[in-house]
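Chains as they are written, first to last, in this note's numbering: chain Y, 1 to 211; chain L, 212 to 422; chain B, 423 to 633; chain F, 634 to 844. Single-structure report; data block below.
There are 4 protein chains.
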Amino acid sequence: MDATYDRLAGRSIERLAGLSDGVFAVAMTLLVLDLRTPVSEAIHSEQALLQAVWGLGHRVIAYLMSFITLGIFWNGQQAQMIHFKRSNRHLTWINLAFLFFVTLLPFSTGLLAEFVTYRSALLVYWSNILLLGVSLYVSWFYARCAGLLREDTPPDVDSVIRRRVLIAQSLYAVGAALCLVNTYVSIGVIIAVQLNYAIAPSFRGRRTGAR
Amino acid sequence: MDATYDRLAGRSIERLAGLSDGVFAVAMTLLVLDLRTPVSEAIHSEQALLQAVWGLGHRVIAYLMSFITLGIFWNGQQAQMIHFKRSNRHLTWINLAFLFFVTLLPFSTGLLAEFVTYRSALLVYWSNILLLGVSLYVSWFYARCAGLLREDTPPDVDSVIRRRVLIAQSLYAVGAALCLVNTYVSIGVIIAVQLNYAIAPSFRGRRTGAR
Amino acid sequence: MDATYDRLAGRSIERLAGLSDGVFAVAMTLLVLDLRTPVSEAIHSEQALLQAVWGLGHRVIAYLMSFITLGIFWNGQQAQMIHFKRSNRHLTWINLAFLFFVTLLPFSTGLLAEFVTYRSALLVYWSNILLLGVSLYVSWFYARCAGLLREDTPPDVDSVIRRRVLIAQSLYAVGAALCLVNTYVSIGVIIAVQLNYAIAPSFRGRRTGAR
Amino acid sequence: MDATYDRLAGRSIERLAGLSDGVFAVAMTLLVLDLRTPVSEAIHSEQALLQAVWGLGHRVIAYLMSFITLGIFWNGQQAQMIHFKRSNRHLTWINLAFLFFVTLLPFSTGLLAEFVTYRSALLVYWSNILLLGVSLYVSWFYARCAGLLREDTPPDVDSVIRRRVLIAQSLYAVGAALCLVNTYVSIGVIIAVQLNYAIAPSFRGRRTGAR
Chain Y
1 MDATYDRLAG RSIERLAGLS DGVFAVAMTL LVLDLRTPVS EAIHSEQALL
51 QAVWGLGHRV IAYLMSFITL GIFWNGQQAQ MIHFKRSNRH LTWINLAFLF
101 FVTLLPFSTG LLAEFVTYRS ALLVYWSNIL LLGVSLYVSW FYARCAGLLR
151 EDTPPDVDSV IRRRVLIAQS LYAVGAALCL VNTYVSIGVI IAVQLNYAIA
201 PSFRGRRTGA R
Chain L
212 MDATYDRLAG RSIERLAGLS DGVFAVAMTL LVLDLRTPVS EAIHSEQALL
262 QAVWGLGHRV IAYLMSFITL GIFWNGQQAQ MIHFKRSNRH LTWINLAFLF
312 FVTLLPFSTG LLAEFVTYRS ALLVYWSNIL LLGVSLYVSW FYARCAGLLR
362 EDTPPDVDSV IRRRVLIAQS LYAVGAALCL VNTYVSIGVI IAVQLNYAIA
412 PSFRGRRTGA R
Chain B
423 MDATYDRLAG RSIERLAGLS DGVFAVAMTL LVLDLRTPVS EAIHSEQALL
473 QAVWGLGHRV IAYLMSFITL GIFWNGQQAQ MIHFKRSNRH LTWINLAFLF
523 FVTLLPFSTG LLAEFVTYRS ALLVYWSNIL LLGVSLYVSW FYARCAGLLR
573 EDTPPDVDSV IRRRVLIAQS LYAVGAALCL VNTYVSIGVI IAVQLNYAIA
623 PSFRGRRTGA R
Chain F
634 MDATYDRLAG RSIERLAGLS DGVFAVAMTL LVLDLRTPVS EAIHSEQALL
684 QAVWGLGHRV IAYLMSFITL GIFWNGQQAQ MIHFKRSNRH LTWINLAFLF
734 FVTLLPFSTG LLAEFVTYRS ALLVYWSNIL LLGVSLYVSW FYARCAGLLR
784 EDTPPDVDSV IRRRVLIAQS LYAVGAALCL VNTYVSIGVI IAVQLNYAIA
834 PSFRGRRTGA R
């Protein structure tokens, strides 16, 4: 019966993955609704149309930021999940909390894009990233303590995943603290951290085969 | 041909799970659309922005309530499904009815958040939870009677799943009835029941390995 | 290499199923966005709230109709797909056309609900159902001719699936034609046909194990 | 441990496929929200309703164009993915970039439909298609160089997939360049290219079993 139980539990992880992919997919496309086609009555020349499209630029940037952040955390959740042998009620609810913060991200990114010089907008955005990081860290920590990791998980994966969350969140916190100087500096640092995790080559990533 | 039939039926459960995850994912993110970024023309200070964000607070609470309820019923459906060996037309339609009530939940939660002192809003919300519980109960009851449960389903799972739905729905009904006293008392009891099913340690859950 | 090819083709069916489930899930929840919470400023009594909720009734009915129709065609597509051993470019595009008509259904159902006494609204709705039926029929017909059915498909499945589509579409056509008498009669017949396919016990369905 | 690693990597491809299907499904249904039911107060005759529905015609065309383009690129991504044995961080991010351009497509198609005589609208639309093609090409090119293709991938698949992208993008570029003559000619050529890839029989497609 043990083998059967594992198989059932495996399905459970699959459904959590299915729900997560669905929530991420919807959250990733929600902000596109803000890109409204300009009203044709107001446009009378090529130049006016170009200007109207150009005027949507800051929404496209906000959308891109939101998309990259969602991509980072989708990767983070996935990198954990491939090491889970099964889930339980608590791990599921920790991941549901994570998904809740995922759905809030389009809102807080939009707020930051609209109020780029306001410290409170930056703090809302940073709180969202912090909550995502905390719930992801708790998810891994709980899974390890509750013995939900696969037996074939390489021993160094634990410290790599935990260190990655802690370092990234420290950098985000430093970036957010820089808003005491200037919100643009703050945003610049946060975007740099995000691009680093999305694009830059990562020695740690290579060593553990993290995706 | 029997083995083949089982395999085909297995895929059928997979697609029902896929559709369910999709519907839950969309329903879980729909209410975020109500969190509109404040209009930048109306905001001239950090304080005004903080107030505008704070003003969205009751929508965030409503969203969180809706999300938790959806999480509870997603878990409930999943806990059943891992014991189904296959589906048939009737079981599929019972689950489609369940999904229909799932998609109504963002609406009835929003109604309750907007009209928190109105008994009719509370009764609409409670009816939604009742219909979710009834369809979930009927789904399990039908699957058991039609012989659609896996042979390896432990014998005590049946009573655990049925009792769980009945007890939860009784508590919800008591909570709803308390609106004769006061809607706030009523909502408090319902939220307490929900948090109990989401967060609190459950001895029954542990015994049967329910997720 | 033949075994590998089959496995790859199998994955292809899985992704078509994944896309279909996603499209159906979004289409099934889109109409909920029309259920707007009444504005709290306009409501000053329990009775006013009940009336406002009651006023949403025809939208709930339209939503329910749309949901049932989507459920019927989701079942229809799934009943075919479990007999496909693999897909190819043409079968994929036939199913994409089917999905296109799926996404139009919330619109045409909403049109019918809003203009229940208008023959043109009924004809738009009926055209939508007709196109769904035609694309589903073409999908099965093509899969059979192109040799894409599993070898273990029972021989009577072909005639059952084809007859089912033809009979249902004939009944819908009769229902639509009755709009020459009265649109209410017409709608009544169409809803009766839909409920028959959703709820009523089906001897044909039982014989072939259709889900 | 190697076998285990492959299995984990396989799951990773599955989740990328799940996320992609979700994003495509949402993008494919988003434009339906633009098909608004005419307001019943403004409609007083069958003729007025028919005219109102007819007035939605150009939105339906735009929607259909967007749907077909999404279908083409969904097929393109899928045809690649069945040859990937596993993913890594870089391949995942290349595909996330691809998905970002996917979500922009409903916007740029809507822009083209609204401003059909404007060259800038056409260039925005063409840029979107170009970015989709480039990211798909980079995805394949990277996967091949990084050794992420299955060992059983037939040797001619590489040149077929690359040539297909290059030829299609050349035809799109020629179509876009024709806007110097007239935007209608330009759009006509682009739609012809799209229909060719969606519907027309393809010798290349048959030879490699591409779906």
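All C-beta atoms, glycine included, are put in the ideal place defined by N, C-alpha and C.
Here H255 (chain L) is exposed, its C-beta having fewer than 16 other C-beta atoms within 10 Å. Where G597 (chain B) is concerned, the enclosing alpha helix (DSSP H) starts and stops at V579 to A599. Residue range R119 to C145 is occupied by the alpha helix (DSSP H) that includes V134 (chain Y). DSSP, reduced to helix, strand and coil, places L246 (chain L) outside both helices and strands of the structure shown, so it counts as coil.
Using a CB distance below 8 angstroms, no part of the region 557-579 of chain B faces chain F. For L19 (chain Y), the three-state secondary structure derived from DSSP is helix.
Among the CB atoms of chain L, one or more fall inside 7 angstroms of the CB of G110 (chain Y). Sixteen is the threshold: since fewer than 16 other Cβ atoms of the shown chains lie within 10 Å of the Cβ of I167 (chain Y), the residue is exposed. Judged by DSSP in its simplified three-state form, L452 (chain B) adopts helix.
Ranking Y:Y184, Y:Y197 and Y:F115 by CA distance to the CA of E257 (chain L) puts Y:F115 first.
Per the coordinates, the alpha-carbon of F489 (chain B) lies some 14 angstroms from the alpha-carbon of D443 (chain B). Closest in alpha carbon position to L452 (chain B), among L:G386, L:V404, L:V234 and L:T394, is L:V234. Following the DSSP letters along the chain, one finds V615 (chain B) inside the alpha helix (DSSP H) bounded by residues T605 to A620. When only Cα atoms are considered, G493 (chain B) and L617 (chain B) end up about 11 angstroms apart.
Going by beta carbons, I621 (chain B) and G597 (chain B) fall outside the 7 angstroms limit.
Non-local beta-carbon contacts of W351 (chain L) in its own chain, meaning distances under 6 angstroms to residues more than five positions away in sequence, involve Q291 and I372 in chain order. The contact set of W476 (chain B) on chain F, defined by CB atoms closer than 8 angstroms, is empty, because the minimum CB distance reaches about 18 angstroms.
As summarised for the region 277-332 of chain L, the continuous alpha helix (DSSP H) elements at least 4 residues long and confined to that stretch are 300-325, given in chain order. Listed along chain B are E468 and L471, each with a C-beta nearer than 7 angstroms to that of Y329 (chain L). In the DSSP assignment, A263 (chain L) falls within the alpha helix (DSSP H) that extends over E257 to G266. Secondary structure at L180 (chain Y): helix, using DSSP grouped into helix, strand and coil. For L359 (chain L), no pairing in a beta bridge is given by DSSP. Residues of the region 223-239 of chain L that bring their beta carbon within less than 7 angstroms of a beta carbon in chain Y comprise A228, G229, D232, G233, F235, A236, V237 and M239, in sequence order. Contacts with chain Y (Cβ-Cβ distance below 8 angstroms) from the region 725-737 of chain F involve T725, W726, L729, L732, F733, T736 and L737, listed in chain order.
Taking each of L:Q262, L:E252, L:R270 and L:S251 in turn and checking the Cα distance to T320 (chain L), the smallest one comes out for L:R270.
In the structure shown, the three-state DSSP call for I694 (chain F) is helix.
Inclusion of S557 (chain B) and A519 (chain B) in the CB contact set at 7 angstroms is warranted, their separation being smaller than that value.
Proximity of chain L to P38 (chain Y) at the Cβ level (cut-off 9 angstroms) is not reached, the minimal Cβ distance being about 19 angstroms.
Selection Y:M28, Y:I13, Y:V165 and Y:L180 evaluated against F84 (chain Y) yields Y:I13 as nearest (Cα-Cα). Using beta-carbon distances, V160 (chain Y) does not count as an interface residue toward chain F, since no partner is under 7 angstroms. Nearest to A806 (chain F) by alpha-carbon distance, out of F:L737, F:L689 and F:I762, is F:I762.
Within chain L, T240, V243 and L244 have C-beta atoms less than 9 angstroms from the C-beta of L30 (chain Y), given in sequence order. Nearest CB-CB separation between F489 (chain B) and chain F: not below the 7 angstroms threshold. Against chain F, the beta carbon of F529 (chain B) has neighbours under 8 angstroms at V665, L668 and T670, listed in chain order. The DSSP-derived three-state label of I435 (chain B) is helix. Taking 7 angstroms as the CB threshold, F506 (chain B) stays off the interface with chain F.
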